[in-house]
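Colleague: Below you'll find the structure I mean.
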Amino acid sequence: MNAIFKVNETFRNDFTFCNSPAAIRRFPLPFAEDEYMYSVNIEPHLPGPQGSVSEFAFDVDEHYVAECHEREIVLANEPLRFQALPHMMSAQWDCLELIMESLARDYPKHFSLSKRNNHWQWSNGPLNMEQRFTFGDAATLPRPPLDYITRQAQGDFVVMDQREGNLWCEAGMVTTQADWSLDFDMGMTFKEWHGPVPLAHEMGVFDRAIKFLLNLRLGQPVRRLNWTMTVNPRLDTSPENYPHWGPDRASVNAANAGDLVHLRVELQGLWRLPRSNAVVFGIRCYLISLRELATIPKWARRVHRVLKKLHPALVDYKGLTRYREPAIAWLAPFDDGSPTTPGTSPE
Amino acid sequence: MLITGIKSKPIYTPLSFDASGRYHILLGAGVGANPLLRVLAEMKKTVPQSMIHARVLFKNASAIEATAGNVSESELAFRAVETVELRVFNNVASLLADFHILATGSLMGTRLYVAGPESFIGLAMQIALQFNLNQDEIRAEECGSLARRVFCIHCRAITDEVVTNIVKCACQRWLLVRDHYSRRLAAYMGVMADAEAPGELPEMREVFR
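Keeping their order, the protein sequence lines are chains E and R.
All you need for the numbering used here is the position in the first sequence, starting with 1, plus 862.
All you need for the numbering used here is the position in the second sequence, starting with 1, plus 993.
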């Protein structure tokens, strides 16, 4: 991670967020073909190419500091965006350990962790934080362990307890979500939580996913990509705040779509946790405007075609109904009909 | 935003007596009396009278409340079942308060049977959940009104007895009632109906009867 942190960019009000050319080239495009349908697209979370978003367990990029600031703004107004049921304390410590160890190992210039028995010292350079604490003793941290560490991480985290042959959504930090509510979904099983997703249940996607995840092994994390679209680079598209961001959807036209409409990609990672046997589900959100996307000719052609052919149920579920047409119209001049090479690489 | 097909709603099946249990708590509201009476009949056939430990908490149908002093047919039917302890309530809140106390003192081998409208089952389950009763220990049968309890995702207020596709919340927003159900909140999600285009509301229709 050699990028300079863009500490002042914003994800609300004046929306100064943007991607550098390097960030555009490493953007995790979720479309390997010119059309899209659900699949159980889970793969081992093994280190990807140098500089890619999957090079390390948790990707820290140029937006790190700004995203942590954005999370603080959300939590100051809505403390229930972090929740954990009482029996999840052991899983909270597991998550803290996983994130601290990963960041310190993968980004030694920015983070460090030293341990003497249970006495840990954590240092976060970009956020200028230092903390000594006793691992396992929540009284030695200023906040619950999961709350503490996920305020220093990009993306949302949901912790699922495993019992009765099921996974239960019972702790989480969720401030950068694509229109789902932790507060509402707390205590749900994996399938209940994903209840509103159309088509996938009938396709058996969740049956297969849950079987797979129940057998997830320690030290063998997995990942998948998911996507939707968002008007403006707004991280907090929660149902709670839908009255604030809903009107954005009606503001798009073929002239402004390039700047307003963003492809929103989630890099979802799943890890088994060692003490609690829980599973942590990381949902890291990447945003890119159509204008930024169109700087890569292959991607402009591909996204144009994916949007044109998208199944109507997905158009509705992803909330694209009001602005899909202007987005397609904006991308059309970039699509000369020439074929795209297979895979997601820029060319 | 309205998505059809409710994957998050629990599946309820007709009640039957569970002979593996030792203590039986039966909660019912209104027409929920019939499934509970069926369970009690099965119990009497299976278990010797001296071994029966059953309690019924029952809320009369609302028509009965209006005429105080009247005894409903359901209540008479429950009274006719010997050795069963019966408590009758005029509102759901006091029934649930009593159930809460009962659950606090409940023992291993307790089985819970719930019968009534979905909203009643949801509230009873919410309490059962607090006591970690698991799937084998709880059974429920849905009967009666389909009216929904609606949780406003914006202000967290609950609106009870919702029978229409849209409903005005205490926060003055019109909410679209979604098919997404939370057992923990015992409620369906309500989301602002006209956020994207203020005033553009779907026609109000009675859909949950």
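A virtual CB, placed ideally from N, CA and C, is assigned to each residue, including glycine.
These numbers were taken from a predicted model, which means no experiment stands behind them.
Could you check the C-alpha separation between T1202/E and F1196/E for me, to the nearest Å?
Modeller: As a first step, residue 1202/E must be located in the first sequence, where it is residue number 340. As a first step, residue 1196/E must be located in the first sequence, where it is residue number 334. In a straight line, the C-alpha of T1202/E is about 12 Å away from that of F1196/E.
Colleague: My assumption, with CB atoms under 8 Å, is that E1130/R sits in contact with R1104/R. Please give the rounded CB distance.
Modeller: What you label residue 1130/R is simply residue 137 of the second sequence in a count that begins at 1. What you label residue 1104/R is simply residue 111 of the second sequence in a count that begins at 1. Yes, they are in contact, since the Cβ atoms of E1130/R and R1104/R sit about 6 Å apart, within 8 Å.
Colleague: Quick one: is E934/E near chain R, going by C-beta distance under 7 Å?
Modeller: Counting from 1 along the first sequence, the entry for residue 934/E is found at position 72. No, E934/E lies away from the interface with chain R (no Cβ there is under 7 Å from its Cβ).
Colleague: Just list the beta strand (DSSP E) runs in the segment 902-982 of chain E, keeping only unbroken ones of 3 residues or longer that don't cross its boundaries, in chain order.
Modeller: 944-946 and 973-978
Colleague: Suppose you measure from the CA of C930/E to the CA of V1142/E; what does that come to, to the nearest Å?
Modeller: Position 68 of the first sequence, counting from 1, holds the residue named residue 930/E. Position 280 of the first sequence, counting from 1, holds the residue named residue 1142/E. C-alpha separation (whole angstroms): 19 Å.
Colleague: According to DSSP, is D1172/R part of a helix, a strand, or is it coil?
Modeller: The residue labelled residue 1172/R in the question sits at position 179 within the second sequence. In the structure shown, D1172/R sits in a strand (DSSP, three-state: E or B).
Colleague: What is the DSSP secondary structure of L1029/R, counted as helix, strand or coil?
Modeller: The residue you call residue 1029/R lines up with position 36 of the second sequence. Note: L1029/R maps to helix in three-state DSSP.
Colleague: For the beta strand (DSSP E) that contains S1151/E, what are its first and last residues?
Modeller: Here residue 1151/E is taken as the residue at index 289 of the first sequence, counted from 1. Segment V1141 to S1151, the beta strand (DSSP E) holding S1151/E.
Colleague: At a Cβ threshold of 7 Å, is I996/R touching chain E?
Modeller: Here residue 996/R refers to the residue found at position 3 when the second sequence is read from its first residue. At I996/R the pLDDT is 40, less than 50, meaning the model places this residue with poor confidence; the figure from the coordinates comes in the next sentence. Chain E contact via Cβ: present.
Colleague: By the 10 Å Cβ neighbour count, where 16 or more other Cβ atoms means buried, how is P1191/R classified, buried or exposed?
Modeller: Taking the second sequence and counting its residues from 1, one reaches residue 1191/R at position 198. The residue in question, P1191/R, is exposed, as its Cβ has fewer than 16 Cβ neighbours within 10 Å.
Colleague: Taking the beta strand (DSSP E) that T1012/E falls in, what are its first and last residues?
Modeller: Looking up residue 1012/E in the first sequence gives position 150. From DSSP, T1012/E is part of no beta strand (DSSP E) but of the alpha helix (DSSP H) over P1007 to T1012.
Colleague: Taking buried to mean at least 16 other C-beta atoms within 10 Å of its own C-beta, is A1059/R buried or exposed?
Modeller: The residue given as residue 1059/R occupies position 66 in the second sequence. With a pLDDT of 48 at A1059/R, under the threshold of 50, the modelled position of this residue cannot be trusted; read the value that follows with caution. The residue is exposed, with fewer than 16 neighbouring Cβ atoms inside 10 Å.
Colleague: Should G1109/R go down as buried or exposed, given a rule of 16 or more other Cβ atoms within 10 Å for buried?
Modeller: Taking the second sequence and counting its residues from 1, the one referred to as residue 1109/R is at position 116. Around the beta-carbon of G1109/R, 16 or more other beta-carbon atoms lie within 10 Å, marking it buried.
Colleague: Could you tell me whether the Cβ of R1177/R comes closer than 7 Å to any Cβ of chain E?
Modeller: Taking the second sequence and counting its residues from 1, one reaches residue 1177/R at position 184. With 7 Å as the cut-off, R1177/R counts as an interface residue toward chain E.
Colleague: Roughly how many whole angstroms lie between the Cα atoms of H981/E and G1131/E?
Modeller: Looking up residue 981/E in the first sequence gives position 119. Looking up residue 1131/E in the first sequence gives position 269. Roughly 28 Å separates the two Cα atoms.
Colleague: Here's a check: name, in chain order, each residue in its chain whose Cβ is nearer than 8 Å to the Cβ of E1209/E, leaving out the five neighbours to either side.
Modeller: Counted from its first residue, the first sequence places residue 1209/E at position 347. Cβ within range, chain order: I1158, P1159, K1160 and T1203.
Colleague: Within the 7 Å Cβ cut-off, does A1190/R reach chain E?
Modeller: Indexing the second sequence from 1 puts residue 1190/R at position 197. Chain E, which has a Cβ nearer than 7 Å to the Cβ of A1190/R, makes this yes.
Colleague: For A1047/R, which residues does DSSP report across the bridge?
Modeller: Numbered from 1 along the second sequence, position 54 holds the residue referred to as residue 1047/R. According to DSSP, which records beta bridges pairwise, A1047/R is partnered with H1017/R and V1077/R.
Colleague: With H, G and I counted as helix, E and B as strand and the rest as coil, what does DSSP make of A1059/R?
Modeller: Residue mapping note: residue 1059/R aligns to position 66 of the second sequence, counting from 1. Unreliable placement is indicated for A1059/R, whose pLDDT of 48 sits below 50; no coordinate value is reported for it.
Colleague: Tell me, to the nearest whole angstrom, how far the beta carbon of V1084/E is from that of H907/E; I am working on the premise that it is less than 8 Å.
Modeller: The residue given as residue 1084/E occupies position 222 in the first sequence. The residue given as residue 907/E occupies position 45 in the first sequence. Their Cβ separation, rounded to whole angstroms, is 5 Å, which keeps V1084/E and H907/E in contact under 8 Å.
Colleague: Taking the alpha carbon of E897/E as the reference point, which residue from F1046/E, I1190/E, Y1104/E and H1173/E has its own alpha carbon closest?
Modeller: What you label residue 897/E is simply residue 35 of the first sequence in a count that begins at 1. Answer by Cα proximity: H1173/E.
Colleague: Thinking V1040/R and L1019/R are a contact (beta carbons under 8 Å), I'd like their distance in whole angstroms, please.
Modeller: Within the second sequence, numbered from 1, the residue matching residue 1040/R stands at position 47. Within the second sequence, numbered from 1, the residue matching residue 1019/R stands at position 26. Contact flag wrong, Cβ pair sits at about 14 Å.
Colleague: Name the chain R residues whose beta carbon is nearer than 7 Å to that of M1048/E?
Modeller: Locating residue 1048/E in the first sequence gives position 186, where the first residue counts as 1. M1048/E reaches chain R at R1177, counting residues in chain order whose Cβ is nearer than 7 Å.
Colleague: Quick one: what's got a C-beta closer than 6 Å to S1001/R's C-beta in the same chain, skipping five residues either side?
Modeller: Within the second sequence, the letter at position 8 stands for residue 1001/R. In its chain, beyond the 5 residues on either side, H1173 and Y1174 have a beta carbon closer than 6 Å to the beta carbon of S1001/R.
Colleague: Which chain E residues are close to F1144/R, counting only those with a beta carbon under 8 Å from its beta carbon?
Modeller: Locating residue 1144/R in the second sequence gives position 151, counting from the first residue. Residues of chain E passing the Cβ test: F1046.
Colleague: With a threshold of 7 Å between beta carbons, is M1185/R in contact with chain E?
Modeller: Taking the second sequence and counting its residues from 1, the one referred to as residue 1185/R is at position 192. Taking Cβ atoms only, chain E reaches closer than 7 Å to M1185/R, which makes this a yes.
Colleague: Along the segment 1127-1139 of chain R, where does the CB come closer than 8 Å to a CB of chain E? Name the residues.
Modeller: Of all residues in the segment 1127-1139 of chain R, only N1127 and Q1128 come within less than 8 Å of chain E when Cβ atoms are compared, listed by chain position.
Colleague: By the 9 Å beta-carbon criterion, what residues does the segment 1081-1115 of chain E contribute toward chain R?
Modeller: Residues of the segment 1081-1115 of chain E with a Cβ closer than 9 Å to any Cβ of chain R, in chain order: S1100, P1101, E1102, N1103, Y1104, P1105, H1106, W1107, G1108, P1109, D1110, R1111 and A1112.
Colleague: Bridge partners of Q993/E, per DSSP?
Modeller: In the first sequence, counting from the first residue as 1, residue 993/E sits at position 131. In DSSP, Q993/E forms a bridge with W984/E.
Colleague: Please classify G1120/E: does DSSP put it in a helix, a strand, or coil?
Modeller: What you label residue 1120/E is simply residue 258 of the first sequence in a count that begins at 1. Helix at G1120/E.
Colleague: Mind pulling the chain E residues with CB within less than 8 Å of I999/R?
Modeller: Here residue 999/R refers to the residue found at position 6 of the second sequence. Per Cβ cutoff of 8 Å: G1057.
Colleague: In chain order, what residues of the segment 1027-1046 of chain E put their CB closer than 7 Å to some CB of chain R?
Modeller: S1043 and F1046
Colleague: Can you pull the chain E residues whose beta carbon is under 7 Å from the beta carbon of M1206/R, in chain order?
Modeller: Residue 1206/R lies beyond the residue range present for chain R, which begins at 994 and ends at 1202; the question has no answer from this structure.
Colleague: Give the single residue among R1186/E, Q1039/E, N1118/E and R1134/E whose Cα lies nearest to the Cα of I1145/E.
Modeller: Taking the first residue of the first sequence as 1, we reach residue 1145/E at position 283. Checked all of R1186/E, Q1039/E, N1118/E and R1134/E; the closest Cα to I1145/E is Q1039/E.
Colleague: With DSSP as the reference, please indicate the residues paired to Q1039/E in a beta bridge.
Modeller: Translated into positions along the first sequence, residue 1039/E becomes position 177. Answer is none; Q1039/E lacks a bridge partner.
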